[in-house]
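**Student:**
Protein chains: 2
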Amino acid sequence: MSKDIEAVLGQLAAGRKLALERLFALIRIPSISTDPAHFPDCEHAADWCANELRLIGFKASVRKTKGRPMVVGSRAPAKPSRPHVLFYGHYDVQPVDPLALWSHPPFEPRLSEDKANGTVIVGRGAADDKGQLLTFLEACRAWIQATGDLPVSVTVLLEGEEESGSPSLEPFLEANRAELTRDLALVCDSGQWDKSTPAICTMLRGLAFTELVVQGPSRDLHSGMYGGAALNPIRALAHILAGLHDGAGRVQIAGFYDEVAELPADQREQWRTLGFNAKAFLGDVGLATQAGEMDRSVLELLWSRPTAEINGIWGGYTGPGSKTVIPAEASAKLSFRLVANQDSEKVLEAFKAFVADRLLPDAKAVFRDSRGSRAVSFDTGSRPLQAAAAALAAEWGKPAALVGSGGSIPIVGAFKRLLGMDSLLIGFGLDDDRIHSPNEKYNVSSFEGGARSWARILEALAT
Amino acid sequence: MSKDIEAVLGQLAAGRKLALERLFALIRIPSISTDPAHFPDCEHAADWCANELRLIGFKASVRKTKGRPMVVGSRAPAKPSRPHVLFYGHYDVQPVDPLALWSHPPFEPRLSEDKANGTVIVGRGAADDKGQLLTFLEACRAWIQATGDLPVSVTVLLEGEEESGSPSLEPFLEANRAELTRDLALVCDSGQWDKSTPAICTMLRGLAFTELVVQGPSRDLHSGMYGGAALNPIRALAHILAGLHDGAGRVQIAGFYDEVAELPADQREQWRTLGFNAKAFLGDVGLATQAGEMDRSVLELLWSRPTAEINGIWGGYTGPGSKTVIPAEASAKLSFRLVANQDSEKVLEAFKAFVADRLLPDAKAVFRDSRGSRAVSFDTGSRPLQAAAAALAAEWGKPAALVGSGGSIPIVGAFKRLLGMDSLLIGFGLDDDRIHSPNEKYNVSSFEGGARSWARILEALAT
């Protein structure tokens, strides 16, 4: 271990309490990017991040977009050094509903003791992505405080629309190509293998999203006056959605699997050796049976197979008591996780054709808010990936797992497509972090181990 | 025409404006009985009705129940007369959502010109049942004002829970059996055949209601982290609901049609001669194809066939934007219209078995708020029914249609079962009244013709 990194890790240990206070301060800003009521909070969070960057010696600014603002900051070491990395994170968070299931208000973070995880930080965004992005900023802070310098040049890009489809991101990358195209992107929005094993994510599923509205009668009808004779759009919607999967969990949209490659035998073997416990994974959330394709392993389903999910459904009367209504329309939000080679627009078109095929007489289908991103994968033999893997191994005392991820991080595809830039996906989240759910948490060991890991990776990347 | 009825009809004509003002005043009270926030409004509406009864010379009181209160009033003629009738109506109304589809606030009634109907009263409850119940009170008022007396003894019972399943009604009937058991019940909660043809309803469908919750994972999950592997309860719910009907619209619950009698040939012929225009009926609400059993007429579907309808559905994220969640549960409200001989408890039990059969692995079904009422039918040759039919024919210049109704009026079954009392179902609503929907209306011709009709019926019933 170099003298430098020893000092940096010492600095992180000394500053633990203040680092946690900074994370709490950021969580307290309810920066929900899908909800217009919280747009001012998103601006507040952006200002907060830019200010923190300035405090550790970055040149930083908040940049306007058509949506939530971007934060950009940069700092070069005194002695010019390669590479110049671009760090990406997002300061926006998911909505908090159902609020009633939170043990305390989601934007009042608390430390809590957890049998499996030790001390955890509970609050919306604790893991996704406020805790994660601060692991990197804390590593930079410690480097500067301990040594007066960074080992590599760093540009930081923090987005505020990751949880709402990133509509401003691509135009922003295109408009700021020169400033943002660096040798490598570091993205901290993924997970560890388990709480004591680091991971680098080398495959990410893509995502296609749409909202389907099934329309029937021209107005809400009384089910006594019309029931039996008039089309019920909820029935029509259920008829469509129930056909999405066959009995074995296979998606029934025509051509859905056409572009999906079979997993190479060596990849399958590597995943097998990870010793993933599918029974425990499902058992943790009260389930016993895999719901997707029955002839695949759960890890394969999560990392390398596409999905069709209904994320929300609503129609008719949903208040207390009963109302004997046949509603004029019923709606569902759907998303499709995509794997390499699948094109989101093609999948959404195929879904529209599927819906058209299953429409009951008198039903009309309207699609809203359709958008998507492709899956991506990286060369596991590249020099930066190997250097980062070695740094992680040094920190955690065991090799980093090279894994896939079921979630999509659209930025990674955009970096590659628009800026020709590869990414290193290293994060410290855990499967039980409850991101997007009530009582989201981030292990203190993830937060602190994450910062220590980045400190080591920054040095390892310097050539 | 007797001198008396001539004077009574003259009195109704002279008091038109004031009668309309009274209806407006009652509509202004937002007495939504399914919504706890409106319980005080229900009490207000009950007080208002009792006070109106007192103003026209009834002894009236508001009676407490475990739910919304009952209003009971009575008045006997100076010269003892037969029969003693019990009039039933309800002062509570349906919820108003979706509020955005109302052309003006639902509890600020307005007169509006309507091409098909002339002047109409628009507001929640204008037809169901505030306008309807006031037709009877206005007839009583006119009799008393014009002649100083009523032709028969009248007890009035006004309920405040008709739109929320009438939980207090049966205990109230049982506790007040002596006061409420009269020679005949008059129920004003049904419709005319069309805007110029009166009707008496001689068949009413029953109703069974339940709420189904399908539970899956123990908490909301991230669709990227779990999608493909974990059961999605919305998918499981859609799978159940989509199986409720076959392609020809026939309900697939085992035994659902076992107790359903075929329509007698003469009834079918009488309905055929009504000249019902199914195409126009469906076309009025933007539909072209009958959704129920394809081998039955629309009128048969509405009046004499049972149904299974989904009145509401909800689960997952339903707010603006997207949230890639797999929810822990998804819910639906269902109701079944029943015909003669079907037992609501038996139907609900059969539905539970149907759900159990179609549950995907790991899904659990919970049923809430299950309740129901039987269908009823009456002898069309009875003396009071014939007398009322003659009075209606005199008022409207054409015979009253003897019809069925798709809706259920549980009180009618309760009167028969608990008090041994038959009912005469006469109402002045129209198919296009939009009851239970935004912009509910009641024709002024229904309101005024209804009051005139009751004035004549009261005389016709006196022996």
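For the protein sequence lines, the chains are L and A, in the order given. 500 is the number of the first residue of the first sequence in this note's numbering; add one for each residue after it. 500 is the number of the first residue of the second sequence in this note's numbering; add one for each residue after it. Glycine included, every Cβ here is placed at the ideal spot set by N, Cα and C. Bear in mind the structure is a predicted one, so any value in this text is a computation, not a measurement.
Can the beta-carbon of SER820 of chain A be found closer than 8 Å to that of ILE733 of chain A?
**Tutor:** It is worth fixing the name first, because residue 820 of chain A is Gly in this sequence and not Ser. The answer is no: Cβ separation not under 8 Å.
**Student:** Say whether chain L places a C-beta atom closer than 8 Å to the C-beta of MET920 of chain A.
**Tutor:** no
**Student:** My assumption, with CB atoms under 8 Å, is that LYS694 of chain L sits in contact with SER944 of chain L. Please give the rounded CB distance.
**Tutor:** 6 Å
**Student:** Which term fits ASP591 of chain L, buried or exposed, when burial requires 16 or more other beta carbons within 10 angstroms of its beta carbon?
**Tutor:** buried
**Student:** Note the first and the last residue of the continuous beta strand (DSSP E) segment covering MET569 of chain A.
**Tutor:** 569-574
**Student:** Which chain L residues sit within Cβ distance under 8 Å of ASN731 of chain A?
**Tutor:** ALA790, GLU808 and ILE809
**Student:** Which residues does DSSP pair with ILE825 of chain A in a beta bridge?
**Tutor:** A:LEU720
**Student:** Within the same chain, show all residues whose beta-carbon is closer than 8 Å to that of PRO608 of chain L, passing over the 5 residues directly before and after it, in chain order.
**Tutor:** Answer for PRO608 of chain L: LEU522, PHE523, ILE526, ARG527, ILE620, VAL621, GLY622 and ALA625, listed in chain order.
**Student:** Between GLN593 of chain A and chain L, is any beta-carbon pair separated by less than 8 Å?
**Tutor:** yes
**Student:** Are GLY630 of chain A and PHE946 of chain A touching if we call contact CB-CB under 8 Å?
**Tutor:** yes
**Student:** Tell me which residues of the segment 560-586 of chain L have at least one Cβ-Cβ distance to chain A shorter than 9 Å, keeping chain order.
**Tutor:** none
**Student:** Determine, using beta-carbon pairs with one atom in the segment 816-830 of chain L and one in the segment 782-792 of chain L, whether at least three such pairs fall under 8 Å.
**Tutor:** no
**Student:** Residue range of the beta strand (DSSP E) that TRP601 of chain A falls in?
**Tutor:** Counting along the chain, TRP601 of chain A falls outside any beta strand (DSSP E), and DSSP gives it neither H nor E.
**Student:** Between which two residues does the beta strand (DSSP E) carrying GLN714 of chain L extend?
**Tutor:** 705-714
**Student:** Taking only the alpha-carbon atoms, compute the straight-line gap between THR701 of chain A and ILE908 of chain A and give it to the nearest angstrom.
**Tutor:** 12 Å
**Student:** If you scan the segment 764-822 of chain L from start to end, which runs of the beta strand (DSSP E) of 3 or more residues do you find wholly inside it?
**Tutor:** Considered as a whole, the segment 764-822 of chain L harbours 806-815 as its complete beta strand (DSSP E) runs of no fewer than 3 residues, in chain order.
**Student:** Tell me where the alpha helix (DSSP H) around GLY871 of chain L begins and ends.
**Tutor:** No alpha helix (DSSP H) holds GLY871 of chain L; the beta strand (DSSP E) holding it covers 863-872.
**Student:** Flag VAL943 of chain L as yes if its beta-carbon sits less than 8 Å from any beta-carbon of chain A, otherwise no.
**Tutor:** no
**Student:** In the structure shown, what three-state DSSP assignment does PHE671 of chain L receive?
**Tutor:** Here DSSP, grouped into helix, strand and coil, assigns PHE671 of chain L to helix.
**Student:** Indicate whether at least one CB of chain L lies closer than 8 Å to the CB of ARG804 of chain A.
**Tutor:** yes
**Student:** I'd like to confirm the pairing. Which residues does DSSP put opposite ILE908 of chain L in its beta bridges?
**Tutor:** Partner(s): none; ILE908 of chain L has no beta bridge.
**Student:** Is the Cβ of ARG623 of chain L closer than 8 Å to any Cβ of chain A?
**Tutor:** no
**Student:** At which residues does the beta strand (DSSP E) containing GLU662 of chain A begin and terminate?
**Tutor:** No beta strand (DSSP E) contains GLU662 of chain A, which DSSP labels as neither H nor E.
**Student:** In this structure, does DSSP put ASN616 of chain A in helix, strand or coil?
**Tutor:** coil
**Student:** May I have the straight-line CA-CA distance separating GLU848 of chain A from ILE825 of chain A, to the nearest angstrom?
**Tutor:** Taking the straight line joining both Cα atoms gives about 29 Å.
**Student:** Report the CB separation of THR654 of chain A from VAL571 of chain A in whole angstroms; it is logged as a contact under 8 Å.
**Tutor:** 7 Å
**Student:** Please state whether the Cβ-Cβ distance between ALA486 of chain L and LEU957 of chain L is less than 8 Å.
**Tutor:** Outside the modelled stretch of chain L, which goes from 500 to 962, sits residue 486 of chain L, for which no answer is possible.
**Student:** Please state the DSSP three-state secondary structure of GLY949 of chain A.
**Tutor:** DSSP places GLY949 of chain A in helix when its eight states are reduced to three.
**Student:** What three-state label does DSSP hand ASN731 of chain A in the structure shown?
**Tutor:** coil
**Student:** If contact is defined by three or more beta carbon pairs under 8 Å, each pair taking one atom from either stretch, is the segment 751-760 of chain A in contact with the segment 850-858 of chain A?
**Tutor:** yes
**Student:** Could you say which of A:ARG882, A:ASP688, A:PHE671 and A:SER667 lies nearest to LEU924 of chain A if we only look at CA atoms?
**Tutor:** A:ASP688
**Student:** Just checking my contact of GLU710 of chain A with THR533 of chain A at CB under 8 Å: how many whole Å lie between their CB atoms?
**Tutor:** Rounded, the Cβ-Cβ distance is 13 Å, inconsistent with contact.
**Student:** Which class does PHE586 of chain A belong to by DSSP, given the choice of helix, strand or coil?
**Tutor:** strand
**Student:** If PHE726 of chain A sits next to ARG836 of chain L, beta carbons under 8 Å apart, how far is it from one beta carbon to the other, in whole angstroms?
**Tutor:** For clarity, residue 726 of chain A is Gly in the given sequence; the question names Phe instead. Contact annotation, GLY726 of chain A with ARG836 of chain L: C-beta distance approximately 5 Å; criterion of less than 8 Å satisfied.
**Student:** Where do the N-terminal and C-terminal ends of the alpha helix (DSSP H) with ILE504 of chain L fall, by residue?
**Tutor:** 502-513
**Student:** How many angstroms separate the CA atom of ALA764 of chain A from the CA atom of TRP770 of chain A?
**Tutor:** 10 Å
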